[in-house]
Ligand SMILES: Cc1ncc(COP(=O)(O)O)c(C=O)c1O
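Numbering (my numbering), first residue to last: 1 to 377.
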C-alpha cells in the first residue's frame, strides 16, 4: 500500500465492539477479566490500551518497522531508547541535536555511568574518530535543528555496524513521509509526535520504532516499568493527525521551499539554511536521502537586535517554541530551544544570536511571505 493509504488504514480497523470507524478513546485504567488469567489481551492501561495500540501499529507501519511504542513525550521516548545502554557504555551523540537531547545526556545520563562524546555525524571521518571499544550507540538527528545539517544515514549505519554499535535517528523534522531511516540501515527511529506526526500543536508525545525483536521487548518492558505512556486521548489525537500526514507534509514542503527562496533574495537576510536550496552544501545528499525538504527554514539576520525586531514584528507567524503544526511558528534558537547548549558550542554550530527559525505552516503562502516581509522591513 502507498503511504497515504497506510497512514489512513494501518491500526485503524473498525472497533470490534461497536464498528466505530474512528478508533475510540478507551479512557479506562483497567479491564474486566473473565476469570483468573483470562482476559481480552488487556489487563491494565499502563501496560496496554487499545487506542495507544492502534497508534503504535499505525506509526510503526509508516516507518517500515515491525515494532513501535508510544510515549508521553519525545524526550521520554528518547530516554527509553537510551535504556538500551548500560553504565560503562559509550554513546556518540550528534553535536547538533535538539537541546533537550543534549541536556538528557549531559545532566542526567552521565550521572548513571553512561559515557558520551559529541561528533559531527555529517562528517564521516570525524565520526570515525569518536568510536571507542565500548561504543554501543550512535544517536543522530538529520536534518539538524536549527542549522539543517544533513547526515548520511546509510554511511553512518555502515560505520556504526562495523564497530558493533546501533544507530538511533531522531526523525522528527522529516517525519516518515519524507525520510525512512530504517530503510537506510538505521536500527531505531525516535520521534517527538508533538511535531509533524500530530501536526496540530495540541498534544505532546513521543514514539520509538524498531525492527529488532530483543530490543523491542526491552523498550516495551521500559515503557511498562517506567510508565511514561501516551494517554488514550493523545493517542487518539496523533492517530487523527497521521491520517493527514501526507497532505500536510506536501503543503509544508511547498511553502517551505517558497519561504526559503523568498528569504534568499531578501536584502536583510544574510544566509538561509534549507536543504532544499541548491546552494545548501548537502543539497545532493538531502535530495537522495529524503523525498522532500519539509517546512523548517532558518535564517541569519546578523545580530540579536535584528532577530528581536523580526520576532517581535511578525503578526501571522506565532512567536513560540515547537514546530510541525499547521500554523507558522517562529523562534529564536539561541535563547529558546537551544538555551541549554553552552554558548561556545552554539557559536561553533552556527547557532548565533541573529539566527531565526521558522516552522513554515500550511497557511496561504502569500500571507506567510507578506508577514515575513513586513517583519523584516
Ligand atoms: C528534534 C526533536 N526531538 C525531540 C524533541 C523532544 O520532544 P518533546 O518536546 O515531545 O519531548 C524535540 C522537541 O522540540 C525536537 O525538536
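Just so it is clear, CB atoms sit at the ideal spot from N, CA and C, and this is done for glycine as well.
Neighbourhood of residue 44 by C-beta, 8 Å cutoff - its chain only, sequence neighbours within 5 removed: 29, 30, 31
Nearest residue (CA-CA) to residue 59, options 272, 274, 241: 241
Residue 298 vs residue 146 beta-carbon contact at 9 Å: yes
Using a Cβ-based criterion (distance less than 8 Å to any ligand heavy atom), does residue 139 qualify as near ligand 1? no
Going by the beta-carbon positions, is the gap between residue 128 and residue 93 smaller than 9 Å? no
Output the distance between the C-alpha atoms of residue 268 and residue 373, rounded to the nearest integer angstrom. Roughly 10 Å between the two C-alpha positions.
Limits of the alpha helix (DSSP H) - the one that residue 174 falls within: Counting along the chain, residue 174 falls outside any alpha helix (DSSP H), and DSSP gives it neither H nor E.
CA-CA distance, residue 263 and residue 308? If I take the Cα positions, the gap works out to 17 Å.
C-alpha distance - residue 354 paired with residue 212, whole-angstrom precision: 43 Å
Determine which residues share a DSSP beta bridge with residue 102 and list them. Bridge partners of residue 102: none, in fact.
Please determine if the segment 274-283 and the segment 291-305 are in contact, where contact requires at least 3 C-beta pairs separated by less than 8 Å. yes
Can you tell me which of 140, 318, 165, 35 puts its alpha carbon nearest to the alpha carbon of residue 153? 140
Would you say residue 61 and residue 69 are within 9 Å of each other, going by their C-beta atoms? Contact flag unset, no.
What residues match up with residue 141 in a beta bridge as DSSP calls it? According to DSSP, which records beta bridges pairwise, residue 141 is partnered with 170.
Assign residue 3 to one of three DSSP states: helix, strand, or coil. helix
Specify, as a first and last residue, the run of the alpha helix (DSSP H) that residue 117 falls within. Unbroken run through residue 117 is the beta strand (DSSP E), 115-119; no alpha helix (DSSP H).
Same chain, Cβ closer than 8 Å to residue 378, neighbours up to 5 away in sequence not counted: The question about residue 378 has no answer here: the residues shown for the chain are numbered 1 through 377.
Would you mind listing the beta strand (DSSP E) stretches within the segment 328-373 that are 3+ residues and don't spill past its ends, in chain order? Taking only runs of at least 3 residues, the beta strand (DSSP E) segments lying wholly in the segment 328-373 are 329-331, 355-359.
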